[in-house]
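Residues in the sequence shown are numbered consecutively from 1, following full-length UniProt numbering.
For glycine and all other residues, C-beta sits at the position ideal for the given N, C-alpha and C.
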Amino acid sequence: MHTLKLLIRPCLLLSLLLLLLLCTSTLAASGSEDYYTLLGVSRTATAAQIKKAFKKLVMEKHPDRNKADPGANALFMRINRAYEVLKSPELRERYDRFGEAGIKAHEEEGQQYERAHGAEKAGGLFADDPQIVKLTPERYESVSRNVGEGGDGQIWFVNFYASQVTRSEKFAQMGHRMYTGPLTKESLLDAALRRIEQSHVELTESNVLSRLSDQSAPAHWLVTFCGGRGAVDCFSQRTLKKLAFVFHGYVGVGRVDCGQDAALCSRLNPASSATSGAGADGAHAPSARLFVNANSGGVDLDALGAAGLPVTSLHTQETVRGVLRLLPPLPADEGRVADRLATAVFDGGSLRQAHLLLLDEASSSTSSNADAQLKRLEPLLKPHKIRVARLACGNSADQSTRNLCQRLPILRSAKKQQHQPAAVLIKRTGDFEVYYGEVHYMDIKEFALAAIANPMTGLTGETFANLVDSAPDGTYWFLDFFAPWCPPCMKALPQFREAARLYESELGVDLPAGVRLRFGAIDCTIDKALCNRFSINSYPTLLLLLKGNSKRVKFRGSKFAHQMLAFAEAFVKPAAVYFNPDSFENTVAVSKRTHVWLVYFHSVNCQPCVEFMPELNALAKNFQGHRHIRIGAVDCVTHPNLCSRNGIRSYPTIRAYPVDKTGPDDYFDYNSPFRNSDSIASWLETFSPQSILMFNSRSLFQSELASDEPWVVYFYADWCGPCQAFAPTFKAVA
Numbered sequence: 001m002h003t004l005k006l007l008i009r010p011c012l013l014l015s016l017l018l019l020l021l022l023c024t025s026t027l028a029a030s031g032s033e034d035y036y037t038l039l040g041v042s043r044t045a046t047a048a049q050i051k052k053a054f055k056k057l058v059m060e061k062h063p064d065r066n067k068a069d070p071g072a073n074a075l076f077m078r079i080n081r082a083y084e085v086l087k088s089p090e091l092r093e094r095y096d097r098f099g100e101a102g103i104k105a106h107e108e109e110g111q112q113y114e115r116a117h118g119a120e121k122a123g124g125l126f127a128d129d130p131q132i133v134k135l136t137p138e139r140y141e142s143v144s145r146n147v148g149e150g151g152d153g154q155i156w157f158v159n160f161y162a163s164q165v166t167r168s169e170k171f172a173q174m175g176h177r178m179y180t181g182p183l184t185k186e187s188l189l190d191a192a193l194r195r196i197e198q199s200h201v202e203l204t205e206s207n208v209l210s211r212l213s214d215q216s217a218p219a220h221w222l223v224t225f226c227g228g229r230g231a232v233d234c235f236s237q238r239t240l241k242k243l244a245f246v247f248h249g250y251v252g253v254g255r256v257d258c259g260q261d262a263a264l265c266s267r268l269n270p271a272s273s274a275t276s277g278a279g280a281d282g283a284h285a286p287s288a289r290l291f292v293n294a295n296s297g298g299v300d301l302d303a304l305g306a307a308g309l310p311v312t313s314l315h316t317q318e319t320v321r322g323v324l325r326l327l328p329p330l331p332a333d334e335g336r337v338a339d340r341l342a343t344a345v346f347d348g349g350s351l352r353q354a355h356l357l358l359l360d361e362a363s364s365s366t367s368s369n370a371d372a373q374l375k376r377l378e379p380l381l382k383p384h385k386i387r388v389a390r391l392a393c394g395n396s397a398d399q400s401t402r403n404l405c406q407r408l409p410i411l412r413s414a415k416k417q418q419h420q421p422a423a424v425l426i427k428r429t430g431d432f433e434v435y436y437g438e439v440h441y442m443d444i445k446e447f448a449l450a451a452i453a454n455p456m457t458g459l460t461g462e463t464f465a466n467l468v469d470s471a472p473d474g475t476y477w478f479l480d481f482f483a484p485w486c487p488p489c490m491k492a493l494p495q496f497r498e499a500a501r502l503y504e505s506e507l508g509v510d511l512p513a514g515v516r517l518r519f520g521a522i523d524c525t526i527d528k529a530l531c532n533r534f535s536i537n538s539y540p541t542l543l544l545l546l547k548g549n550s551k552r553v554k555f556r557g558s559k560f561a562h563q564m565l566a567f568a569e570a571f572v573k574p575a576a577v578y579f580n581p582d583s584f585e586n587t588v589a590v591s592k593r594t595h596v597w598l599v600y601f602h603s604v605n606c607q608p609c610v611e612f613m614p615e616l617n618a619l620a621k622n623f624q625g626h627r628h629i630r631i632g633a634v635d636c637v638t639h640p641n642l643c644s645r646n647g648i649r650s651y652p653t654i655r656a657y658p659v660d661k662t663g664p665d666d667y668f669d670y671n672s673p674f675r676n677s678d679s680i681a682s683w684l685e686t687f688s689p690q691s692i693l694m695f696n697s698r699s700l701f702q703s704e705l706a707s708d709e710p711w712v713v714y715f716y717a718d719w720c721g722p723c724q725a726f727a728p729t730f731k732a733v734a
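Here it is in structure tokens:
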């Protein structure tokens, strides 16, 4: 019978040729020399190639070597300028995207250039269009989740455009339904309208009272009139469908045919709502009226008609803007309401529903149209049990309101800066989050939905004392110290919020009893004393507080949600076995071990140790259930004598204790510079009993393969990352 043998030959290397397709943006026209051409390098040149080219030009073009050339100094200044820009990754990226104008604007106006000129991350081709919501990858995922859950009935028509090719491909793979028709305005509009289920209501003498008085229907009604006297034109079916969709759940849309119901038209008095004059064909413009709170206190058609507000427009967007301006303003939270909110946030109370408070200072700095658009938040957020109101923090506010404004971190800076508090969401639990983005109703809506779905909270000096300093044992706090004017902070904050959401849905359900992880954000421009207490000197700084907040570890990884959560999980829910002196003696230092043990000796005061913790956790989870290998750790701050007895003199120290060996002195240190879970797993597998034959010589290789038995041969290289990742799988098969 033939047997199947597996072998590895380390001397043969596999070469992988990767074709890199580089998409480079077009250099903005600046009328000046191209920096790459000036240095004589390609746009894909490495930093080393750029430096080498510059040194060569210094030897050739320096003014001291070209004293006879009157233009030598000016030329060398341009060469030096090009090198200063291209040697900096940040400035080089900005130059590639905006040209020399972008560099000058960056120097003169800081971050204002990217905002003013529509950097691709801020919207690119559509940066100046208020009707188009710019979707980042994170916001797209949030929108996709909300649409999938059927939360608000919104339909999104998303354009994936070419200035962000990689991102567009990722988005397209996530799309719900791809549009493949003609790229014309009418075709796109027809495709969107086919997805809309809402429609207007045909109002007649027989149904008008029941429709308008229905308490489950919208309180406000936009009624259009057509036909009959004056030859009033009708809104088209397409326009009515758009209006019904836009105002769904907030303003009912109805139509009265004045040719069929002249008496109803007369009572609702449509004549006063018609636009004056006539069109080119002699027909009157469409007429419509807005009836505010139509279903309050019974419906009297004559009184309702007298109170109707004229809406004069020929176009859908103008009609929408007109209706929003005529609708009642959002309520202002003050007095007792402000007191209840303060009690929920600062005294451990709770609310029946969440409150989204729009700061009046933010609204007053926007156009009247933008302010009117904020009224659309009420119907969008009502299904999610979020009440929308205004919060006036000015001098005219009552004492309760001023007290709430001063205790929340929402007072706007007198300095002109891009990110200012614009809204605050107070959750039912009393937790709160502050919104610092653009004052646009869709942006604020997405913020509110993301905030309500996760356990993150804002923190002040007052709430920090109540929630963090007084936290029970087993409660860990992951803190984000930030400043609103800091662009990296504003990029990291949504990721931090997403990490909190992932914790709630993925990690939190499996934590041991009594263990809890909480997420908090601190605005260091307002709570300076709190940030000074933790020696925060750069933003953003992410700290995880351990063991009753007596210890802290700093997160320095990539500011992405999954990396943040993996970091926190390594401390809150470690997969490795943590040893004390007794358990170490009884498990690792025994006379005859039954398992291979990898032990990680570390200190929470050692930043490289802290940064390795997610890798250790991944390694331990990878070997959970393994027949021969176990993963353990020793905290040398908690157990210094144990580490001292085992000769630990530096951190981190990674040791493998093989099976069937004697005592704690029979070990192997891991000394490879590749300190990641895949590399360590491959190294650790070499101590595990295995049925893999290592070919260490050509003669052994040739003699074994000369037999009639079948072989599976694995050719690898120690430096090959994919090889290291595949090795545990290969050994598991063996």
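Check	Outcome
Contact test: Gly102 Cβ vs the ligand MN heavy atom, cutoff 6 Å	As for the ligand MN, it is missing from this structure, which has no ligand bound.
Which residues DSSP lists as bridging Ile522, in chain order	Phe481
In DSSP terms, what His200 is bridged to	DSSP output for His200 lists no bridge partner at all.
Ile629 (DSSP reduced to helix, strand or coil)	strand
Delimiting residues of the beta strand (DSSP E) encompassing Asp257	Val251 to Asp257
Contact under 7 Å by Cβ, Ser603 with Tyr651	yes
Cβ-Cβ distance between Pro614 and Ile526 below 7 Å	no
Strand pairing of Leu545, partner residues [DSSP]	Trp477 and Arg552
Chain-order list of residues whose beta-carbon lies under 6 Å from that of Asp431 (same chain, five-residue window excluded)	Thr457
Complete runs of the beta strand (DSSP E) confined to the UniProt domain "Thioredoxin" (575-689) [at least 3 residues]	596-602, 629-635 and 653-657
Between the CA atoms of Thr343 and Arg387 - distance to the nearest angstrom	17 Å
Distance, Arg81 Cα to Pro63 Cα	15 Å
Closest residue to Arg43 among Leu86, Lys56, Cys720 and Ser672 (Cα-Cα distance)	Leu86
Beta-carbon proximity of Arg655 to Asp669, cut-off 7 Å	yes
Coil, strand or helix - Glu709 by DSSP	coil
Same chain, Cβ closer than 7 Å to Ala448, neighbours up to 5 away in sequence not counted	Leu356, Leu381, Ile386 and Leu425
Environment of Glu506 [buried if 16+ CB atoms lie within 10 Å]	exposed
Residue span of the beta strand (DSSP E) that contains Pro310, given as start and end	Leu309 to Val311
Sub-7 Å separation of Arg325 and Ala288 beta-carbons	no
Gly235 - partner residues in DSSP beta bridges	Before going on, a small fix: residue 235 reads as Phe here, not Gly. Partner(s): none; Phe235 has no beta bridge.
C-alpha distance - Gly227 paired with Phe157, whole-angstrom precision	34 Å
Met456 (DSSP reduced to helix, strand or coil)	coil
Proximity to Arg267 [Cα-Cα], best of Ser236, Ala306 and Gln237	Ala306
Whole-angstrom distance between Leu543 and Arg675, CA atom to CA atom	23 Å
Distance CB(Leu404)-CB(Ala450) smaller than 7 Å	no
Complete alpha helix (DSSP H) runs within the segment 340-414 (minimum length 4 residues, chain order)	360-364, 368-373, 377-381 and 399-407
Nearest-angstrom Cα separation, counted from Ala244 out to Asp302	25 Å
Backbone CA spacing between Phe579 and Asn641 [nearest angstrom]	13 Å
Residues near Phe346 in its chain [Cβ-Cβ closer than 7 Å; skip 5 each side]	Arg407, Glu462 and Thr463
Straight-line gap, Trp597 to Pro383 (C-alpha atoms, nearest Å)	54 Å
Burial state of Ser677 (16 or more Cβ within 10 Å)	buried
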